[in-house]
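Heads up, the thing below is written out as structure tokens.
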Amino acid sequence: MNIEESKKIVSQVISKILGKKLKVNDDMKLIGAESPLDSMKLVETCVSLEDIAEEHGFEFIWTSEAAMSKTNSIFRNVASLAEEFANQSKTK
Amino acid sequence: MIIITGANRGLGKAISERLNKKGERVIGLVRTTNGLNIEAIKCDVSDYKSVKKASREIKQMKTPIKAFINVAGVASMNMAVTTDGSTVQKLIQTNLVGTIYCCQLFAPIMLRYKKGSFINFSTIAVALALKGESVYAASKAGVETFSRSFAREMADFNIRVNCISPGPIPTDLLKGVTDNQIEKIISQQIIPKQFKKSDVCDLIELLIDQKSSSLSGQVLNVGGV
Numbered sequence: 037m038n039i040e041e042s043k044k045i046v047s048q049v050i051s052k053i054l055g056k057k058l059k060v061n062d063d064m065k066l067i068g069a070e071s072p073l074d075s076m077k078l079v080e081t082c083v084s085l086e087d088i089a090e091e092h093g094f095e096f097i098w099t100s101e102a103a104m105s106k107t108n109s110i111f112r113n114v115a116s117l118a119e120e121f122a123n124q125s126k127t128k
Numbered sequence: 003m004i005i006i007t008g009a010n011r012g013l014g015k016a017i018s019e020r021l022n023k024k025g026e027r028v029i030g031l032v033r034t035t036n037g038l039n040i041e042a043i044k045c046d047v048s049d050y051k052s053v054k055k056a057s058r059e060i061k062q063m064k065t066p067i068k069a070f071i072n073v074a075g076v077a078s079m080n081m082a083v084t085t086d087g088s089t090v091q092k093l094i095q096t097n098l099v100g101t102i103y104c105c106q107l108f109a110p111i112m113l114r115y116k117k118g119s120f121i122n123f124s125t126i127a128v129a130l131a132l133k134g135e136s137v138y139a140a141s142k143a144g145v146e147t148f149s150r151s152f153a154r155e156m157a158d159f160n161i162r163v164n165c166i167s168p169g170p171i172p173t174d175l176l177k178g179v180t181d182n183q184i185e186k187i188i189s190q191q192i193i194p195k196q197f198k199k200s201d202v203c204d205l206i207e208l209l210i211d212q213k214s215s216s217l218s219g220q221v222l223n224v225g226g227v
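Heads up: the sequence lines are chains A and B, in that order. Just so you know, the numbering used here puts 41 at position 5 of the first sequence, and the rest follows in order with no gaps. Just so you know, the numbering used here puts 145 at position 143 of the second sequence, and the rest follows in order with no gaps.
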């Protein structure tokens, strides 16, 4: 899966979870005060991505130290999550 | 589907048999599957990779988990100063860390369905701060606090988390505890009698049932303290 495909998937998932209240873009923050996602919606996003990953034949791991690190978190924004999703798709 | 850790002995076995008899599909997570009459998956709860592997197997079943019951545990009745380091490690790793691993790795399966219940196990040794059980009690105090906090995290997903805290129920965990010591503990319960495995099974049935849908983040002390 390339980064563009990944961004499309991640954006669609978040958009669905947000109920299209906001336009999802690459810079949208996924954690912190500026994020439109609360903790529940973030978990729902991850679970949805886990299911999509399974359909694509790989496992999406979102509970690693890297995932939760403040500086390198995969949840910094939509682009970083999509990048991680694309990277993990290459491990299958 | 109901998953029970430590389903091959003591309370875990009694709970498995009770729920199985009630017609529930019970799957045991156990270190050794020999002699088990229920479906079982080999799993060492103290080992993250082992729990992860078991969670993958369960996820593949694509069946809602009605309840996940964390019974697997070890006990060591000793004063802290006479407990060796490896025993301390084993108690914390199995009782506390094992419970956390199971909750965190199976919760994502349950929250897909937005229903289900976790039941964790503590001990009366926490509430009574029993002498000679400090390390064991510490591991279980961690389970109680984790359960209460985890209950809040899971509430958004309609998943309940509760804890059962038995007194001296006759199981292998009581080996080495004298009758006098048991009497003394029982005398400190609000209902000063020794309860049985079947009493704990009754509480399990209640916590699984929708009739307890208002209960989450609670520690139920068997016999009262």
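The beta-carbon is built from N, C-alpha and C at its ideal position, and this holds for glycine as well.
Self-check item: Of the residues B/Arg11, B/Leu176 and B/Ile94, the one placed nearest leucine 255 of chain B, counting alpha carbons only
Solution: For residue 255 of chain B there is no data in the structure shown, the boundaries of chain B being 3 and 227.
Quiz item: Can the beta-carbon of glycine 219 of chain B be found closer than 8 Å to that of serine 149 of chain B?
Solution: Taking the second sequence and counting its residues from 1, one reaches residue 219 of chain B at position 217. Taking the second sequence and counting its residues from 1, one reaches residue 149 of chain B at position 147. In this structure, serine 149 of chain B lies closer than 8 Å to glycine 219 of chain B by Cβ.
Quiz item: Hey, out of B/Gln212, B/Ile71 and B/Lys133, whose CA is closest to phenylalanine 108 of chain B's CA?
Solution: Taking the second sequence and counting its residues from 1, one reaches residue 108 of chain B at position 106. Among B/Gln212, B/Ile71 and B/Lys133, the Cα nearest to that of phenylalanine 108 of chain B belongs to B/Ile71.
Exercise. Step through the CB atoms of chain B and report whether any lies within less than 8 Å of the CB of methionine 76 of chain A.
Key: Along the first sequence, one-based indexing puts residue 76 of chain A at 40. Closer than 8 Å: yes.
Quiz item: Given that arginine 114 of chain B touches chain A, what residues does it touch there, using C-beta distances under 7 Å?
Solution: Looking up residue 114 of chain B in the second sequence gives position 112. The answer, in chain order, is Val83.
Quiz prompt | Nearest residue (CA-CA) to alanine 77 of chain B, options B/Val83, B/Ala69, B/Met63 and B/Ile94 | solution = Your numbering for residue 77 of chain B matches position 75 in the second sequence. Nearest C-alpha to alanine 77 of chain B: B/Ile94.
Quiz item: From serine 49 of chain A to leucine 85 of chain A, what distance separates their C-alpha atoms?
Solution: As a first step, residue 49 of chain A must be located in the first sequence, where it is residue number 13. As a first step, residue 85 of chain A must be located in the first sequence, where it is residue number 49. At residue 49 of chain A the sequence reads valine, which differs from the serine that was named. Approximately 7 Å between the Cα atoms of the pair.
Quiz item: Within this structure, are the beta carbons of glutamine 190 of chain B and proline 170 of chain B separated by less than 8 Å?
Solution: On the second sequence, residue 190 of chain B is found 188 positions in, with the first residue counted as 1. On the second sequence, residue 170 of chain B is found 168 positions in, with the first residue counted as 1. No, they are not a contact pair.
Quiz prompt | Inter-residue Cα distance where the pair is aspartate 68 of chain B and glycine 225 of chain B | solution = For the purposes of this step, residue 68 of chain B is taken as residue 66 along the second sequence, with counting starting at 1. For the purposes of this step, residue 225 of chain B is taken as residue 223 along the second sequence, with counting starting at 1. Per the sequence presented here, residue 68 of chain B reads as lysine, with aspartate not at that position. Going by the C-alpha atoms only, they are around 26 Å apart.
Self-check item: Beta-carbon spacing of aspartate 234 of chain B, methionine 76 of chain A below 8 Å
Solution: Examination of residue 234 of chain B is not possible in this model, given that chain B is present from 3 through 227 alone.
Quiz item: Do isoleucine 29 of chain B and alanine 42 of chain B have their C-beta atoms within less than 8 Å of each other?
Solution: The sequence position of residue 29 of chain B within the second sequence is 27, counting from 1. The sequence position of residue 42 of chain B within the second sequence is 40, counting from 1. Yes; because the gap between Cβ atoms is below 8 Å, this pair is in contact.
Quiz item: How many angstroms separate the CA atom of glutamine 212 of chain B from the CA atom of isoleucine 161 of chain B?
Solution: The count along the second sequence starts at 1 and reaches residue 212 of chain B at position 210. The count along the second sequence starts at 1 and reaches residue 161 of chain B at position 159. So the alpha carbons of these two residues sit roughly 12 Å apart.
Exercise. Establish whether the CB of valine 49 of chain A and some CB of chain B are separated by less than 8 Å.
Key: Translated into the one-based positions of the first sequence, residue 49 of chain A becomes position 13. Judged by the 8 Å Cβ criterion, valine 49 of chain A is not in contact with chain B.
Practice problem: Leaving aside the five residues before and after asparagine 97 of chain B along the sequence, list all residues of the same chain whose C-beta is less than 8 Å from its C-beta, in chain order. | Solution: The residue labelled residue 97 of chain B in the question sits at position 95 within the second sequence. These residues qualify, in order along the chain: Gly75, Val76, Tyr138, Ser141, Lys142, Gly144 and Val145.
Quiz prompt | Range of the contiguous alpha helix (DSSP H) that encloses alanine 140 of chain B | solution = For the purposes of this step, residue 140 of chain B is taken as the residue at position 138 of the second sequence. Where alanine 140 of chain B is concerned, the enclosing alpha helix (DSSP H) stretches over 136 to 157.
Quiz prompt | Segment limits, beta strand (DSSP E) that includes cysteine 45 of chain B | solution = The sequence position of residue 45 of chain B within the second sequence is 43, counting from 1. Here cysteine 45 of chain B belongs to no beta strand (DSSP E), and DSSP marks it neither H nor E.
Quiz item: Would the beta-carbon of proline 66 of chain B fall within 8 Å of that of tyrosine 115 of chain B?
Solution: Translated into the one-based positions of the second sequence, residue 66 of chain B becomes position 64. Translated into the one-based positions of the second sequence, residue 115 of chain B becomes position 113. Yes; because the gap between Cβ atoms is below 8 Å, this pair is in contact.
Practice problem: Please list the partners that valine 60 of chain A has in chain C, where partner means a Cβ-to-Cβ separation under 7 Å. | Solution: Absent from the structure is chain C; the protein chains it does hold are A and B.
Quiz item: Is glycine 169 of chain B helix, strand or coil when you go by DSSP?
Solution: Position 167 of the second sequence, counting from 1, holds the residue named residue 169 of chain B. Note: glycine 169 of chain B maps to coil in three-state DSSP.
Quiz item: Which term fits aspartate 63 of chain B, buried or exposed, when burial requires 16 or more other beta carbons within 10 angstroms of its beta carbon?
Solution: As a first step, residue 63 of chain B must be located in the second sequence, where it is residue number 61. For the record, residue 63 of chain B in the displayed sequence is methionine; it is not aspartate. Burial call: exposed.
Quiz item: When DSSP labels each residue in this structure, what does leucine 130 of chain B get in the three-state scheme?
Solution: Here residue 130 of chain B refers to the residue found at position 128 when the second sequence is read from its first residue. Correct three-state label for leucine 130 of chain B: helix.
Quiz prompt | When B/Met3, B/Asn223, B/Val227 and B/Gly14 are compared against isoleucine 111 of chain B, the one with the closest alpha-carbon | solution = Stepping through the second sequence from its first residue, residue 111 of chain B is reached at position 109. Nearest of B/Met3, B/Asn223, B/Val227 and B/Gly14 to isoleucine 111 of chain B, Cα basis: B/Met3.
Quiz item: If we cut at 8 Å on Cβ distances, does valine 114 of chain A have a partner in chain B?
Solution: To locate residue 114 of chain A, count along the first sequence from 1; it is residue 78. So, not an interface residue.
Exercise. For the beta strand (DSSP E) holding glycine 178 of chain B, just list the boundary residues, first then last.
Key: Walking along the second sequence from the start, residue 178 of chain B turns up at place 176. Run containing glycine 178 of chain B: none; DSSP gives neither H nor E here.
Self-check item: Beta-carbon proximity of asparagine 223 of chain B to serine 167 of chain B, cut-off 8 Å
Solution: The sequence position of residue 223 of chain B within the second sequence is 221, counting from 1. The sequence position of residue 167 of chain B within the second sequence is 165, counting from 1. Result yes, Cβ atoms of asparagine 223 of chain B and serine 167 of chain B sit closer than 8 Å.
Quiz item: Does any CB atom of chain A fall closer than 8 Å to the CB of proline 66 of chain B?
Solution: Translated into positions along the second sequence, residue 66 of chain B becomes position 64. No, because no Cβ of chain A sits closer than 8 Å to the Cβ of proline 66 of chain B.
Quiz prompt | C-beta neighbour in chain A for isoleucine 170 of chain B, strict 8 Å | solution = Start at 1 with the first residue of the second sequence, and residue 170 of chain B comes out as number 168. The question names isoleucine, yet the displayed sequence has proline at residue 170 of chain B. No, no contact with chain A.
Self-check item: Reference lysine 117 of chain B, options B/Met156, B/Val202 and B/Ile6, closest by Cα
Solution: Locating residue 117 of chain B in the second sequence gives position 115, where the first residue counts as 1. Considering only alpha carbons, the answer is B/Met156.
Exercise. Would you please verify whether the beta carbon of aspartate 158 of chain B is less than 8 Å from any beta carbon of chain A?
Key: Here residue 158 of chain B corresponds to residue number 156 of the second sequence, with the count starting at 1. Yes, aspartate 158 of chain B counts as interfacial toward chain A.
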